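Peer 1: Under the numbering used here, the first residue of the sequence shown carries the number 11, and numbering increases by one thereafter.
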Amino acid sequence: MATTGGALDAVVVGAGLAGLACAGDLLTAGLDVRLVEASDAVGGRMRSDRYEGFVIDRGFQVFNTSYPQVRRRLDLRALALRPFTPGVLIHTDRGRLRFSDPTRRPREAADLLPGRLAGTRDLLALGVLSARDMLAPAGVLKRGEERTTRSALAAAGLSEEFVERFFRPFLSGVFLEDELETSSRVFHLVWRSTLRGTLCLPTDGIGAVPRQLADALPAGTLRLESPVDRLTDDGVLLTTGTELAAKAVVVATGPGPAAALLPAAHIGPYRTTTTYYHTADTSPLAEPTLLTDERRRFLNTCVLSEVVPGYAPAGTALIATSVLGTDTPGREARLRTALAEAYATDASAWRLLTVRTIEDALPAMPPPHRLTTPAQLAPGRFVCGDHRATGSVQGALASGARAAREVLRELRP
Ligand SMILES: Cc1cc2nc3c(=O)[nH]c(=O)nc-3n(C[C@H](O)[C@H](O)[C@H](O)COP(=O)(O)OP(=O)(O)OC[C@H]3O[C@@H](n4cnc5c(N)ncnc54)[C@H](O)[C@@H]3O)c2cc1C
Numbered sequence: 011m012a013t014t015g016g017a018l019d020a021v022v023v024g025a026g027l028a029g030l031a032c033a034g035d036l037l038t039a040g041l042d043v044r045l046v047e048a049s050d051a052v053g054g055r056m057r058s059d060r061y062e063g064f065v066i067d068r069g070f071q072v073f074n075t076s077y078p079q080v081r082r083r084l085d086l087r088a089l090a091l092r093p094f095t096p097g098v099l100i101h102t103d104r105g106r107l108r109f110s111d112p113t114r115r116p117r118e119a120a121d122l123l124p125g126r127l128a129g130t131r132d133l134l135a136l137g138v139l140s141a142r143d144m145l146a147p148a149g150v151l152k153r154g155e156e157r158t159t160r161s162a163l164a165a166a167g168l169s170e171e172f173v174e175r176f177f178r179p180f181l182s183g184v185f186l187e188d189e190l191e192t193s194s195r196v197f198h199l200v201w202r203s204t205l206r207g208t209l210c211l212p213t214d215g216i217g218a219v220p221r222q223l224a225d226a227l228p229a230g231t232l233r234l235e236s237p238v239d240r241l242t243d244d245g246v247l248l249t250t251g252t253e254l255a256a257k258a259v260v261v262a263t264g265p266g267p268a269a270a271l272l273p274a275a276h277i278g279p280y281r282t283t284t285t286y287y288h289t290a291d292t293s294p295l296a297e298p299t300l301l302t303d304e305r306r307r308f309l310n311t312c313v314l315s316e317v318v319p320g321y322a323p324a325g326t327a328l329i330a331t332s333v334l335g336t337d338t339p340g341r342e343a344r345l346r347t348a349l350a351e352a353y354a355t356d357a358s359a360w361r362l363l364t365v366r367t368i369e370d371a372l373p374a375m376p377p378p379h380r381l382t383t384p385a386q387l388a389p390g391r392f393v394c395g396d397h398r399a400t401g402s403v404q405g406a407l408a409s410g411a412r413a414a415r416e417v418l419r420e421l422r423p
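1) What is the DSSP secondary structure of G137, reduced to helix, strand or coil?
2) Do you know whose CA, among R104, Q404 and A322, lies nearest E351's CA?
3) Looking at C-alpha atoms only, which residue of D356, G395, L145 and R221 is the closest neighbour of H276?
4) Which residue's Cα is closest to the Cα of F180: L300, T208 and E118?
5) Closer than 8 Å: is that where the CB of T95 sits relative to any heavy atom of ligand 1?
6) Counting only the same chain and skipping the five closest in sequence on each side, list residues whose C-beta sits under 6 Å from that of S58.
7) At what residue ranges does the stretch 192 to 257 contain a whole run of the beta strand (DSSP E), taking only runs of 3 or more?
8) Is the separation between the beta-carbon of L211 and that of R92 shorter than 9 Å?
9) Can you tell me which residues form a DSSP beta bridge with P373?
10) Identify whether V80 lies in helix, strand or coil by the three-state DSSP scheme.
11) Let me know the secondary structure DSSP gives H379 once reduced to three states.
12) Compute the beta-carbon to beta-carbon distance between A3 and E416, rounded to the nearest angstrom, for a pair I have assumed lies under 8 Å.
13) Is the beta carbon of F109 less than 9 Å from the beta carbon of P298?
14) For the beta strand (DSSP E) holding V313, just list the boundary residues, first then last.
15) In or out: T204 buried (at least 16 other Cβ within 10 Å) or exposed?
16) Got a sec? Which residues, its chain only, sit under 6 Å from P237 by beta carbon, not counting five neighbours each side?
17) Can G26 and A262 be called in contact, C-beta distance under 9 Å?
18) Hey, out of G53, L362, L36 and D370, whose CA is closest to L223's CA?
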């Protein structure tokens with residue numbers, strides 16, 4: 011076993027959002043840090059690939075500008091963000107209905123007139139719920155009663171009919187579960203950021219977000235293609251046989267590898283999602299809008315090339331559609347039928363470009379769910395990642411920040 015140099019202050023294992031945030035904060039505090047990443051680029055679950063001239067994110071995802079960690083760490087202007095239309099379209103048996111934000115797009119709010127998307131009581135209850143989630147201090151939402159999202163929506167006075175039409179399809183795409191069994195605290199925080207922020211995508215793909223964080227690290231900090239095999243008494247052992255000695259080790263690898271490297275981390279179950287990428291000669295929906303399905307045959311779909319034209323070569327439309335679970339025989343054919351209905355078009359000539367299944371996409375977050383969990387497991391041993399907070403960009407970055415604070419507390423009491 012070869013050991014390189016003297017002991018570092020810290021080794022951070024994994025250059026997803028959590029590891030990037032942790033390493034960045036430790037470097038800012040003046041520590042000697044290495045960030046080691048198994049694959050050939052940073053980003054983890056938030057990466058984009060070039061595929062046959064298209065930009066393919068590792069599963070459909072959106073970027074929310076209102077997350078506190080996002081505002082603190084990222085230069086949003088440099089990401090050249092392209093927004094989705096605020097709100098969503100819902101495919102129903104009565105045709106397509108638009109759930110829009112009347113404060114941002116009053117002219118598109120016709121479906122919010124009583125009797126179309128919802129009745130007067132539901133609209134009033136929705137207004138009260140939204141005003142509270144948007145305006146109350148975040149601490150109030152974090153301390154609110156903990157129950158399932160379904161119970162919280164019922165307690166807010168929303169009818170089951172409206173919940174089934176709007177919230178259940180919409181939130182299934184957010185939490186990657188379609189029973190509304192996610193913690194109500196997580197729901198209120200997500201609803202708050204949806205109302206306050208803008209959903210968008212960077213012009214160069216979602217992977218531009220972690221790349222910007224990595225570009226800010228001093229040269230020599232990041233080592234790509236350096237998988238960690240195991241933790242040692244002195245630091246970490248890379249699969250190449252090289253040992254990196256460090257006073258503190260932070261495991262930021264995502265759930266599976268973290269459980270293997272640090273069994274004491276006790277990581278809960280994750281949700282799986284699959285995104286189907288189709289191409290078409292003409293765009294089936296001439297606007298950058300999320301479309302959900304009241305019958306929940308898919309989580310959501312959108313014409314990505316309407317959001318960011320550069321995701322597809324000129325003259326081609328790129329459509330991303332996500333479902334729960336994995337790709338199974340016949341699933342794409344059934345999905346195509348549902349998409350033809352939802353987009354009110356003939357989808358038989360669409361080409362299936364590629365399929366992305368992300369096994370460990372988001373942690374399951376049923377109540378009671380701890381919004382933040384300590385990073386330190388033992389002296390010199392820390393863990394971070396979305397499983398220590400919430401399954402989101404905000405959660406991953408915040409857990410990295412927390413791990414950095416705890417490392418600093420140990421190394422500089
Ligand atoms: C399909 C999908 C859609 C999503 N949609 C949204 C959304 O719309 N909004 C939102 O806020 N969030 C969304 N998320 C969640 C968000 O992307 C994640 O919460 C976040 O990226 C997790 O970051 P992380 O750093 O915790 O873990 P990861 O991104 O998993 O990073 C772990 C890193 O560790 C590396 N690694 C693993 N093993 C080793 C090893 N042995 N040695 C060295 N390195 C190793 C991996 O290669 C990886 O780079 C979505 C996620 C997915 C998958």
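We treat Cβ as the ideally placed atom computed from N, Cα and C, and that holds for glycine. All values reported here derive from a predicted model rather than from experimental measurement.
Peer 2: Working from what's here:
1) Residue mapping note: residue 137 aligns to position 127 of the sequence shown, counting from 1. Helix.
2) As a first step, residue 351 is located in the sequence shown; it is residue number 341 there, counting from the start. It is R104.
3) Indexing the sequence shown from 1 puts residue 276 at position 266. Closest option to H276, Cα to Cα, is G395.
4) As a first step, residue 180 must be located in the sequence shown, where it is residue number 170. Ranking L300, T208 and E118 by Cα distance to F180 puts L300 first.
5) Reading the sequence shown from its first residue, position 85 is the one you call residue 95. No, ligand 1 has no heavy atom inside 8 Å of this Cβ.
6) Working through the sequence shown from its first residue, we reach residue 58 at position 48. For S58, where only same-chain residues beyond five positions count, the Cβ hits under 6 Å are V65, D67, G215, I216 and G217.
7) 209 to 212, 238 to 241 and 245 to 248
8) Start at 1 with the first residue of the sequence shown, and residue 211 comes out as number 201. Start at 1 with the first residue of the sequence shown, and residue 92 comes out as number 82. Contact: yes.
9) As a working mapping, residue 373 is identified with position 363 in the sequence shown. In the DSSP output, where bridge partners are listed per residue, P373 has Y280.
10) For the purposes of this step, residue 80 is taken as residue 70 along the sequence shown, with counting starting at 1. If DSSP states are grouped into helix, strand and coil, V80 belongs with the helices.
11) Locating residue 379 in the sequence shown gives position 369, where the first residue counts as 1. In this structure, H379 counts as coil in the three-state DSSP scheme.
12) No statement about residue 3 is possible, as the shown extent of the chain runs from 11 to 423 and does not include it.
13) Along the sequence shown, read from residue 1 onward, the residue named residue 109 stands at position 99. Along the sequence shown, read from residue 1 onward, the residue named residue 298 stands at position 288. Not closer than 9 Å, so no.
14) Residue numbering aside, residue 313 sits at position 303 when the sequence shown is read from its first letter. First-last of the beta strand (DSSP E) with V313: N310 to V313.
15) As a working mapping, residue 204 is identified with position 194 in the sequence shown. Label assigned to T204: buried.
16) Residue 237 sits at position 227 when you count from the first residue of the sequence shown. Once the five neighbours on either side are set aside, the close Cβ partners of P237 are A48 and T249.
17) Translated into positions along the sequence shown, residue 26 becomes position 16. Translated into positions along the sequence shown, residue 262 becomes position 252. Yes, the Cβ-Cβ distance between G26 and A262 is below 9 Å.
18) Taking the sequence shown and counting its residues from 1, one reaches residue 223 at position 213. Taking only the C-alpha atoms, the option nearest L223 is G53.
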